[in-house]
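The sequence shown begins at 338 in my numbering and counts up by one.
Idealized CB from N, CA, C, for every residue including glycine.
Worksheet for the structure shown next.
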Amino acid sequence: MQSENAFTTPFGRRSLSLGMLATQVQAHEVDPEASVDKWKLFRWLCEARALIGISDRALVVLNALLTFYPQSELNEAGGLVVFPSNAQLSLRAHGMAPATLRRHLSALVETGLIFRKDSPNGKRYARKARTGATGAGEGGEAFGFSLAPLVVRAGEFETMAEAVRSERLQLKLMKERVTLLRRDIVKLIELGFEEMPHIDWNGHYRAFRSVIDDIPRQATIRDLEPVVDGLECIQLEISKLLQNKLNLQQTSARESHSERHKQNSNTKSTSDLEHRFRTNQGRNAEHNRNDDPLAETPGSQTTMGCAENPHEAGEAGDADSAAGREPGMPGVAGLDDPSDLRTGLRSRSLDLAALGASATAFDAKPVPLGLVRQACPDISAYARNGLASWSELMGAAIVVRSMLGVSPSAYEEACSVLGQENAAIAMACILQRTDQINSAGGYLRSLTDKAAKGEFSVWPMLLAQLRANGEHVRLVEGRAK
338 MQSENAFTTP FGRRSLSLGM LATQVQAHEV DPEASVDKWK LFRWLCEARA LIGISDRALV
398 VLNALLTFYP QSELNEAGGL VVFPSNAQLS LRAHGMAPAT LRRHLSALVE TGLIFRKDSP
458 NGKRYARKAR TGATGAGEGG EAFGFSLAPL VVRAGEFETM AEAVRSERLQ LKLMKERVTL
518 LRRDIVKLIE LGFEEMPHID WNGHYRAFRS VIDDIPRQAT IRDLEPVVDG LECIQLEISK
578 LLQNKLNLQQ TSARESHSER HKQNSNTKST SDLEHRFRTN QGRNAEHNRN DDPLAETPGS
638 QTTMGCAENP HEAGEAGDAD SAAGREPGMP GVAGLDDPSD LRTGLRSRSL DLAALGASAT
698 AFDAKPVPLG LVRQACPDIS AYARNGLASW SELMGAAIVV RSMLGVSPSA YEEACSVLGQ
758 ENAAIAMACI LQRTDQINSA GGYLRSLTDK AAKGEFSVWP MLLAQLRANG EHVRLVEGRA
818 K
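In structure tokens:
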């Protein structure tokens, strides 16, 4: 009597291996009550084929073998041996060539998915039992390919398929993370170039490229893990720089309303100027009259170059018109006509007290370039010819804007509200007070907001800077004494 656990050997010259014997041992251990859906099992095999080590063409052959099993559930009761001929198997394997078919059948046997149960002559067939049933009945037996290993290892294949699905999901999430990091870093660097041009953003971009250039074409989770770590470090470093910039702007916006950065555009600061300069003017009045032939006599005393009676006022207006000045402009030599700045005429004292007292009247008047040069001498270092013209002042202001980290958008807004010349004057004053201002960009935006509300003018700002430079200021044509 033949033992149920006896080994079977292949027909002809086919060799036998220990792996084949191990597969037969597993098949003999199949639970008679075990059952598994053959198509669900096949899907698990397709998902886990990389772990199993089987090709897609071998799975095509296995699919054809499963079609010869009459039931949808694989179980011991139905007999797990199928016995198709090579011709029928080739048809169900989409017309696969016989040599290719034999090669893939051998691959299925070597991987332990099936094993051969060869007949004495190597043919595949089933002998009917006396009961008429095939295979399991008394005297009945089938020779062909046993599917029992599939039933025994069904749980293993399901676990492998689940692991593959989980890894695939992790890989998808990691690729999404890499894509988001790449997008964020590129846009953050673009913003940094605009808002903080003094930072070495090219270095950050080179570090970014060095990380992403190492990504292989068919990346795995192991390949992407260091990429994600590197991109996260770069993103964190850039985010810190921009966060510091944002914090400075917010701090500057709050401090713009405090006393430290309060603009001298109110009557108190102007009155203070007036009091201090009147004292100095009285102290040096006699000296000025002796030194300056153009000084006014006591009988014709004027503060801003205007006569006391209408007749004299008309003459003064005519003189202003002849000199190319607007009537009522301060008669300060070397300030009204830009050409006078290059003539080297003699100096005169500017009555800053009177100018401060009537600052409101001059809000709409153009600021003399010499006054800007006198109040803000530092910006001359950024001009080619020492601020000989307004265009040079505006060009120097653009250089200073970039140096102080003021964004182009903030400066453009200031130009649209204040005008290009006044915006350049504001930048000159900010440069002059750079040691007192934490955020030049936030400070300029604060001035722009005040100007939009009609609460700011560059005249008081310049006068305050003149006071900071010295109590008694003399304006000299072509240079500041």
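S372: member of the beta strand (DSSP E) spanning 372 to 374, first to last residue.
When only Cα atoms are considered, G449 and S483 end up about 11 Å apart. By the criterion of at least three beta-carbon pairs nearer than 8 Å, the segment 487 to 506 is not in contact with the segment 426 to 433. The beta carbon of V398 sits closer than 8 Å to the beta carbons of L426, A430, M433, L438, H441, L442, L445 from its chain, once the five residues preceding and following it are set aside; these are given in chain order. In this structure, the beta-carbon distance from K377 to L403 does not fall below 7 Å. Judged by beta-carbon spacing, A463 lies within the 7 Å limit of F420, meaning their Cβ atoms are closer than that value. With respect to the 7 Å criterion, V564 and V523 are not classified as neighbours on the basis of their beta carbons. Three or more Cβ pairs closer than 8 Å define a contact, and the segment 481 to 500 falls short of that threshold against the segment 530 to 549. Annotated as proximal: V418 and A479, with beta-carbon spacing under 7 Å. Checking the DSSP bridge columns, you'll see K454 partnered with G481. Between the alpha carbons of L573 and L517 lies a distance of about 14 Å. Shown here, A430 sits in coil according to DSSP, grouped into three states, outside any helix or strand.
A straight line joining the alpha-carbon of V373 with that of I451 spans about 15 Å. Distance from the Cα of W796 is smallest, within the candidate group L730, N775, L708, for L708.
Judged by DSSP secondary structure, R520 falls outside any beta strand (DSSP E) and instead within the alpha helix (DSSP H) spanning 491 to 532. In the DSSP assignment, E447 is bridged to no other residue. Between the segment 737 to 744 and the segment 765 to 776 there are three or more C-beta pairs closer than 8 Å, enough to call the two in contact. In the three-state scheme derived from DSSP, where H, G and I count as helix and E and B as strand, E410 is classed as strand. DSSP places K790 in the coil class of the three-state scheme, outside both helix and strand. A contact is defined here as three or more CB-CB pairs under 8 Å, and the segment 758 to 772 fails this definition with respect to the segment 551 to 563.
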